[in-house]
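**Q**
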């Protein structure tokens, strides 16, 4: 223990260690790759990988893997769609699905996929909008305005979805243009029992035996898309020691964060989030256990909650380790020392850390109320979210584009409406249970005598009020939503829908909190971190990468096993051992293999085909479904998890024992062929 | 909804409604029973029931039901013992047990049973020790001292366990003398799958189909006890409309609480407790899911946690209902008005409510720290509890009896040591998981920079520190505990056991918090509630009963069904319908019937024997296992639950829809005969 501890200190304080980095496609780690692996990616290699990569806006990654528009992602990324198209009598999650013909492919209800077509650095234009001496509030407004204008111009010119992405927490701004797919259809999904084999106990663990895959097909004008770029399938797949690349959409990391910022996470944000997640987990577990239909309805939410809970437990555990915090503190002290000792750097960046401290001192007193109201924790309800969106859509559209709340900017409205008018089912019972509990949670935290709480409850208990609101609101009807959404402010103002009324009650205070957050917290952090990022560039001198932002990134690493509790864990598992892993847990849920697998037990018991494997590439939540490719740019696997040791990658990468976990391309073909007889898909992938 | 709401206000504000009351055996509701049911219990009737009743000190109730010392309780009351005597290879919980001969009966490891032999009112002597003008701290000390002396005198004179019980929150003090049984052996338990059929989803619900029973036998000097009193078995059992009585040990109610006190529960105590319970539930669920052996190890704890969580959710829901709080407030206002309008009452009781307010204002700033340190929430570990007990045992025994912390008073040492030297297994892995999480919880709540937190962790993460402490402590060895426990202060002072060291680190602060609580919160509440109770006596003028104190109480009520969502719910379920209830949930855990039952499915599918039934008697947690008797004092059933609507009975009884839930005596005999062929037990119970 002691040895590992000392080593950790040394390694952690060295910047850019090992295979670290979630690199921008317009700024790949050329020198690093050449030096460490003798590999020099061409622009064509990069463009091919970039345009074969797909973002799932429901949260996750994927890739085009065939000439006729097949997209491969994880089952757990596809789960959102699978749950929304399932019914009490046809449960795509439990039974899996295989469309034998294109006619049998099932259309997702509100899925939007994005493919990154180009990146343009617009930092200068954004920064030029913010003038010296502006108040924080004015700076915030000016920056938001110019970003909305850039996006709207780009959308009008290119017809593509255009997002200005804030990188390095505010040091740079890049314009990302995406091709958008909104007609996406389910082609193949295995049973959840094998996709998520081992369930919560095996989640974030390794070795694993999961067929965590799902095939969709993109359509345009009712025809299967022929994508410009798609990945060639490697039937051999990844091998021990291979250099591999991962192209995907890591959601969020916090590696640039100052010590104050991490302490705030450790002491406030993460404990709060974990309490919330545990509360929802117990609530949903209790609901799900009551009947098989309840279990089906809650499955997707419950998966997300348990997955997040386990990830946060791992993250907070790292921050609660004094050695980790000391290492972070030492790195920060070294950088500050460099800044202090250079008069020019001191003038430019010196005050950054105290600006971060001030931002959190400002945030602390209203953080809870902000999360409950503007963050919506008090109203865990699809109907409330719809009501608030309708209310604000009416108000925001009446303003000039540059002045709107960011999610209502002109260039985002199409995507926003796809969500707002979604035909995804809303279950009255589950909606009531969740809203009642979240209202009670709000009441417990903010106080039963808070005027807004009292106004919201109107003399009723949270249970009674939630039940009444869900029962009486008409917003489950998509036609009603459309009528209000398209009718503008006047239509919404005229509505007496109880959920809209409720959204009205909290909206003034909620907007006030958001403004306070944006002007006095977010803006201060943006300005401070721009300084810290620039100081880090100068101090390090080398190539670097920004924290994750759910935009396309390139990671690289080596396929290799690791040591755990003194034992070597192999780089890969094999299909045959899946049956043994089930038997070791008495084949009981969540280790109960589906019938399709049990039927092939004797045939596959010794099957040595690689199933899952690990590598050292740098990933985080959002990378789920990312393709793993080899030097030739061929598909050799698909990321679906990280091991427990990778959880602190949130704020500190370390690949001595942390690993990304993937399904192997050979294992996929093996299962599709031998278990599912999905020869059509195999042919589309491999040509055979 | 509106109608029920108004009705609730009217009924709730009326004192002593319906079949309310957990009555003292030395002050039964004679007038009430005579007036309402024309029933006049004789002293012999009362003595018989009292002495046939048994308290399980692990938490619960039971009764002697045969001449040869058979004791019947709930399976979930026996669960603590069942878990402690089970091993990885012999799981009494899962498989159930039936000792065919007395030689096969399995001895429990640390179970203590108490039978109440006599009650003596010692209020005057206790009150005489507290002199006018004493400070709160001195009053607290004087009262505690005289209680310890009374107990020690009684134990020496009678040889019986003697406890001075604080009743009416301090208005009265009664001396309870118990016969104690510490050699208790398991005779029969069904499988947990039928004892707790329906699991957490069906817990606190009705209709139910649970064989929640367990038979033990008491021994003295290696011989089966021949109890002075035991209950005669009624083979017919309870019928619809019957007057029934329940003799058991309700743990705790809060009905006398002021509005301030209930608000403190609603806003602080209950949310805190619920967060803690949810945290432990998720932790234990996660641990249990990893393997079947983990599941076995965690079963008992997990049951307790889920059961408590569901109960607290019901309780807080009531307090979060403004109508309930208004009714409580109205009742309180009426009483205060009476007190204010009578100069003598005003002088005696007038300041009581502001004393309660002051007590909570004092408590609020240190409530969290108190619960974490003295309440032990920071150290969720058997080994820590043992270490603290050893440390304090050494210190407290060196003091005069009257000056000791109450649990170390001379008359309690025998019971305390039975727990301390228990051979119950302590699992290193589970112990580590629980301690690590509770240390992290403490760190999150009190702050990573708290000096005690830092000292306790010693530069390590909670996980690392917990792992080290559990691995290196020798206190799992009962011989080591005995050596330290019997060696006194010198032996404990000399110990370098890491868990004892850790107990030492927090002990000074922990004792300081306890002293602050006892002197400034508890004592103020005792004095205030003595006033409020006496004011209530005077104002009501009739018979009354104190809040529950885990001492023997008599409740009464009527066997009858209730209305729920507009439908009538029958007073009883039948054995035959159990199979249908399982099928409605696809026979999946927790609705999976054990093999013994499935084997008899065809034979019993239509069996009309009553299985579970409900009645209106007033119960609460701790009443589990209480016998239900008829006018003749015969055993007609055994309490095992209350329905959801009974959960607010914590602070307000209401039997319009709230019900106590019991297993029917005929159902027990039916199952023992037809499923388990336990003819020996049936003969002991019924003579047939």
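Residue numbers (this note's numbering), protein chains in the order written: chain X, 1 to 688; chain V, 689 to 1376.
For glycine and all other residues, C-beta sits at the position ideal for the given N, C-alpha and C.
What whole-angstrom Cβ distance do residue 1231 of chain V and residue 706 of chain V have, given they're in contact under 8 Å?
**A** About 14 Å separates the two Cβ atoms, so there is no contact after all.
**Q** Going along the chain, which residues of the region 75-100 of chain X sit with their C-beta nearer than 7 Å to a C-beta in chain V?
**A** Result list empty, no residue passes.
**Q** Bridge partners of residue 1218 of chain V, per DSSP?
**A** Per DSSP, none; premise fails for residue 1218 of chain V.
**Q** Residues of chain V with a CB under 7 Å from the CB of residue 279 of chain X: which are they?
**A** Those within 7 Å of residue 279 of chain X in chain V are 966.
**Q** Could you pull the start and end residues of the beta strand (DSSP E) that residue 1257 of chain V belongs to?
**A** Unbroken beta strand (DSSP E) run through residue 1257 of chain V: 1255-1257.
**Q** Judging by CA-CA distance, which residue of X/279, X/208 and X/408 is the nearest neighbour of residue 961 of chain V?
**A** The shortest C-alpha separation from residue 961 of chain V is found at X/279.
**Q** Thinking residue 126 of chain X and residue 186 of chain X are a contact (beta carbons under 8 Å), I'd like their distance in whole angstroms, please.
**A** 40 Å between Cβ atoms; not a contact.
**Q** What does a CB cutoff of less than 6 Å around residue 277 of chain X pick up in its chain, not counting 5 residues either side in sequence?
**A** So the qualifying residues of the chain are 305, 308 and 309.
**Q** Just tell me which of X/132, X/152, X/379 and X/39 has its CA closest to the CA of residue 720 of chain X.
**A** Residue numbering for chain X in the displayed model covers 1 to 688; residue 720 of chain X lies beyond these limits and cannot be assessed.
**Q** Per DSSP, which one or two residues make a beta bridge with residue 214 of chain X?
**A** In DSSP, residue 214 of chain X forms a bridge with X/73.
**Q** Using 10 angstroms around the beta-carbon of residue 386 of chain X, count the other beta-carbons present and answer buried if the total reaches 16, otherwise exposed.
**A** Buried.
**Q** Is there at least one Cβ from chain V nearer than 9 Å to residue 285 of chain X's Cβ?
**A** So yes, residue 285 of chain X belongs to the interface.
**Q** What does a CB cutoff of less than 7 Å around residue 1120 of chain V pick up in its chain, not counting 5 residues either side in sequence?
**A** Excluding positions up to five away in sequence, the list reads 1154, 1155 and 1158.
**Q** Of all the options X/282, X/205 and X/65, which has the alpha carbon lying nearest to the alpha carbon of residue 229 of chain X?
**A** It is X/65 whose Cα lies nearest to the Cα of residue 229 of chain X.
**Q** Between the C-alpha atoms of residue 446 of chain X and residue 429 of chain X, what's the straight-line distance to the nearest angstrom?
**A** Taking the straight line joining both Cα atoms gives about 26 Å.
**Q** Note down, in chain order, all residues in the region 931-962 of chain V with a beta-carbon under 7 Å from any beta-carbon belonging to chain X.
**A** Residues 954, 955 and 959.
**Q** Are there 16 or more other CB atoms within 10 angstroms of the CB of residue 1286 of chain V, so buried, or fewer, so exposed?
**A** That one is exposed.
**Q** Output the distance between the C-alpha atoms of residue 99 of chain X and residue 593 of chain X, rounded to the nearest integer angstrom.
**A** Answer to the nearest angstrom: the Cα atoms are 22 Å apart.
**Q** To the nearest angstrom, how far is the alpha carbon of residue 382 of chain X from that of residue 1284 of chain V?
**A** Going by the C-alpha atoms only, they are around 46 Å apart.
**Q** Can you give me the C-alpha to C-alpha distance between residue 328 of chain X and residue 1148 of chain V, rounded to a whole angstrom?
**A** C-alpha separation (whole angstroms): 16 Å.
**Q** Let's test the definition: count the other Cβ atoms within 10 Å of the Cβ of residue 819 of chain V and tell me whether it reaches 16, buried, or not, exposed.
**A** Exposed, because fewer than 16 other Cβ atoms sit within 10 Å of the Cβ of residue 819 of chain V.
**Q** Inspect the CB distances between the region 533-542 of chain X and the region 330-338 of chain X and report whether three or more fall short of 8 Å.
**A** Flag = yes, the region 533-542 of chain X and the region 330-338 of chain X touch.
**Q** What are the boundary residues of the alpha helix (DSSP H) that includes residue 439 of chain X?
**A** That run of the alpha helix (DSSP H) goes 428-446.
**Q** Of all the alpha helix (DSSP H) runs that stay within the bounds of the region 850-937 of chain V, which reach a length of 4 or more residues?
**A** List check, alpha helix (DSSP H) in window: 880-883 and 887-890.
**Q** According to DSSP, is residue 114 of chain X part of a helix, a strand, or is it coil?
**A** Strand.
**Q** Please list the partners that residue 1150 of chain V has in chain X, where partner means a Cβ-to-Cβ separation under 9 Å.
**A** What residue 1150 of chain V touches in chain X: 317, 320 and 321.
**Q** Under 6 Å Cβ to Cβ from residue 4 of chain X, same chain only, skipping five residues before and after it: list those, please.
**A** The pLDDT assigned to residue 4 of chain X is 30, lower than 50, so where the model puts this residue is not dependable, and the model offers no usable value.
**Q** Can you tell me whether residue 1356 of chain V is helix, strand or coil according to DSSP?
**A** Reduced to three states, the DSSP call for residue 1356 of chain V is helix.
**Q** Alpha carbon to alpha carbon, how far is residue 263 of chain X from residue 1258 of chain V? Give it in angstroms, no decimals.
**A** C-alpha separation (whole angstroms): 57 Å.
**Q** Between the region 176-201 of chain X and chain V, which residues of the former have a C-beta closer than 9 Å to a C-beta of the latter?
**A** If the cut-off is 9 Å between Cβ atoms, the region 176-201 of chain X has 199, 200 and 201 near chain V.
**Q** What residues of chain V sit near residue 585 of chain X, judged by a beta carbon separation below 8 Å?
**A** The answer, in chain order, is 979 and 980.
**Q** If you scan the region 782-850 of chain V from start to end, which runs of the beta strand (DSSP E) of 3 or more residues do you find wholly inside it?
**A** Runs of the beta strand (DSSP E) inside the region 782-850 of chain V: 801-809.
**Q** Starting from residue 39 of chain X, trace the alpha helix (DSSP H) in both directions and tell me its first and last residue.
**A** First-last for residue 39 of chain X: undefined, no H or E at that position.
**Q** Determine, using beta carbons only, whether residue 447 of chain X comes closer than 9 Å to chain V.
**A** Chain V, which has a Cβ nearer than 9 Å to the Cβ of residue 447 of chain X, makes this yes.
**Q** Taking residue 825 of chain V as the query, report the chain X residues whose CB atoms sit under 7 Å from its CB, ordered along the chain.
**A** What residue 825 of chain V touches in chain X: nothing, since even the nearest Cβ is about 32 Å away.
**Q** Assuming contact is defined by CB atoms lying nearer than 9 Å, are residue 145 of chain X and residue 403 of chain X in contact in what I supplied?
**A** Yes, the pair counts as a contact, with Cβ atoms nearer than the cut-off.
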